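Enquirer: Below: one structure in structure tokens.
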Amino acid sequence: MVSSTLEIHPNSLYRWIQEYEKYGESAFPGHGSALRHAQFEIKKLEKEHKLLQEELALLKKFQVFLKPNRK
1 MVSSTLEIHP NSLYRWIQEY EKYGESAFPG HGSALRHAQF EIKKLEKEHK LLQEELALLK
61 KFQVFLKPNR K
């Protein structure tokens, strides 16, 4: 049995398999410790938020060039 070869409890191995099947590679983003789904979603949303903020700042800078000159 794999769990006895690796010297881990069978329940741990089963849980890891379940998390991998559910979340794929993102189930274990750290140094071998699994993040809960909510924590993963928070990190994902924080990255997306940062990217959107950067895009918005860039669009605001170039907005001047898109408007016709007003006098």
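Each residue of the sequence shown is one higher than the one before, counting from 1 in full-length UniProt numbering. Virtual Cβ for every residue (Gly too), placed ideally from N, Cα, C. Note that this is a predicted model, so its numbers are computed, not measured.
(1) Within the same chain, show all residues whose beta-carbon is closer than 8 angstroms to that of LEU13, passing over the 5 residues directly before and after it, in chain order.
(2) Along the chain, where does the alpha helix (DSSP H) containing ARG15 start, and where does it finish?
(3) For ALA38, which of PHE65, LEU51, TYR23 and LYS50 has the nearest alpha-carbon?
Expert: Inspection of the coordinates gives the following:
(1) VAL2, SER3 and LEU6
(2) 10-23
(3) TYR23
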